[in-house]
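Here's the structure we're looking at; comments come further down.
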Amino acid sequence: IPRSGYISTAAAGGVARTAGNFIWAENAPGILMLDFDPAKDGRHDGWKGEHFLEVLHSVAPELADAEVWLTPSASSRVWRRGKPIGNGWRGYVVADSAEAIPLYGAALIARLVAAGHAWIEISASGARLLRTIIDGAVWQSNRLDFVGAPVIEKGELSVEPGIALPVGEAGKHFHITPQTVDMASDVVKRLMDEAKEAAEAAGTAWEDARVTAAVAGGMREDEARKMYGRARQMGILDGDFLLYDRDGRRV
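Our numbering applies: residue 4 is where the sequence shown begins, and numbers increase by one.
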């Protein structure tokens with residue numbers, strides 16, 4: 004993406020994109036966005052939008068008749084040699100209450116987990132992250148949804164037109180009883196236990212690599228080990244925690 008395609012949220016006179024400035028509409032319907040990104044282990048290879056909806060309908064019959072618009076995600080509209088490079092989907096659901104969108108999203112995730120449609124992804128630092136077929140980190144009133152046509156440079160990539168497929172009954176609003184994931188449930192415990200060994204190995208490798216880099220930069224090994232050990236095992240970042248940008252350069 005050319006640098007000119009970036010959006011600055013700190014322009015002079017602009018409004019900060021914070022939850023205090025962007026709030027849900029009161030006493031009015033709103034759009035609940037459901038973001039499907041396939042699991043990294045390939046379990047969703049070949050999935051289409053209908054597979055995404057089929058699973059959601061199986062755990063939330065309340066969704067089956069509600070007005071929904073289904074469309075490929077922006078990255079799935081980028082093609083290489085006749086095939087899309089992504090397989091993400093978006094579902095836009097007309098919810099009966101905009102203010103309840105975070106609660107409705109959490110309820111869908113709770114039902115997906117209880118029904119076995121969940122897995123663990125391991126972060127670079129070894130954290131075990133509970134995942135389902137919808138992203139649970141998107142329901143903030145101040146979040147942007149990047150759905151415009153992708154901007155690509157010349158080459159072998161192409162952009163296909165986007166489509167939005169209406170599903171359900173037009174004008175019918177979605178409602179679901181709020182609930183949250185029971186992190187102490189047998190389902191979650193089993194998933195966490197199964198990923199424990201791999202998570203520990205990933206975390207140890209991450210810590211060792213960070214310590215090595217810190218020592219090369221002049222830090223004592225025992226200090227570096229303490230700092231990164233606290234970060235990995237307790238989630239505590241000390242004041243002198245070393246940060247790196249996306250190109251691997253120290254900040």
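No residue lacks a Cβ here, since even glycine has one placed at the ideal position from N, Cα and C.
Handout entry: Classification of Ser7 by the beta-carbon crowding that lies within 10 angstroms, buried from 16 upward
Key = With a pLDDT of only 48 at Ser7, under the threshold of 50, the placement of this residue in the model should not be trusted; the figure read from the coordinates follows. The residue is exposed, with fewer than 16 neighbouring Cβ atoms inside 10 Å.
Exercise for the section: Out of Ala216, Glu210, Arg223 and Asp138, state which residue places its alpha-carbon closest to the alpha-carbon of Arg233. Expected result: Nearest of Ala216, Glu210, Arg223 and Asp138 to Arg233, Cα basis: Glu210.
Exercise for the section: Give me the Cα-Cα distance between Ser100 and Gly220, rounded to the nearest whole angstrom. Expected result: 53 Å
Problem - Cβ shell of Glu124 (< 6 Å), same chain only, five flanking positions each side left out - result: Leu132 and Arg134
Exercise for the section: Take Gly17 and list the residues in its own chain whose beta-carbon comes closer than 7 Å to its own, dropping the five residues that flank it on each side. Expected result: Here the set comprises nothing.
Handout entry: Three-pair Cβ contact test at 8 Å for the region 179–195 versus the region 107–122
Key = At 8 Å Cβ cutoff, the stretches touch.
Practice task
Please name the residue, chosen from Ser78, Arg235 and Ile239, that lies closest to Asp40 on a Cα-to-Cα basis.
Solution key: Ser78
Problem - Buried versus exposed, by CB contacts within 10 Å (16 or more), Met230 - result: Note on Met230: 16 or more other CB atoms within 10 angstroms of its CB, so buried under the neighbour-count rule.
Handout entry: Residue interval of the alpha helix (DSSP H) (run including Met186)
Key = Run containing Met186: none; DSSP gives neither H nor E here.
Problem - the region 35–53 contacting the region 85–97, beta-carbon criterion three pairs below 8 Å - result: Counting Cβ pairs under 8 Å, three or more are found: they touch.
Practice task
With DSSP collapsed to three states, give me the class of Gly206.
Solution key: helix
Problem - With 16 other Cβ atoms within 10 Å as the buried cut-off, status of Ile155 - result: exposed
Practice task
Could you have a look at Gly33 and say whether DSSP puts it in helix, strand or coil?
Solution key: strand
Handout entry: Test item: CB-CB of Ile137 and Gly33 under 9 Å
Key = No, the Cβ-Cβ distance between Ile137 and Gly33 is not below 9 Å.
Practice task
Note down, one range per segment and in chain order, each beta strand (DSSP E) of at least 3 residues found wholly within the region 52–94.
Solution key: 71–75 and 81–83
Problem - Pick from Trp82, Val150, Ala117 and Arg20 that is closest to Thr74, judged by C-alpha positions - result: Val150
Problem - Through-space distance from Arg223 to Val116, alpha-carbon basis - result: Their Cα atoms are separated by approximately 44 Å.
Problem - Proximity winner among Ala204, Glu172, His120 and Asp225, relative to Val184 (alpha-carbon distances) - result: His120
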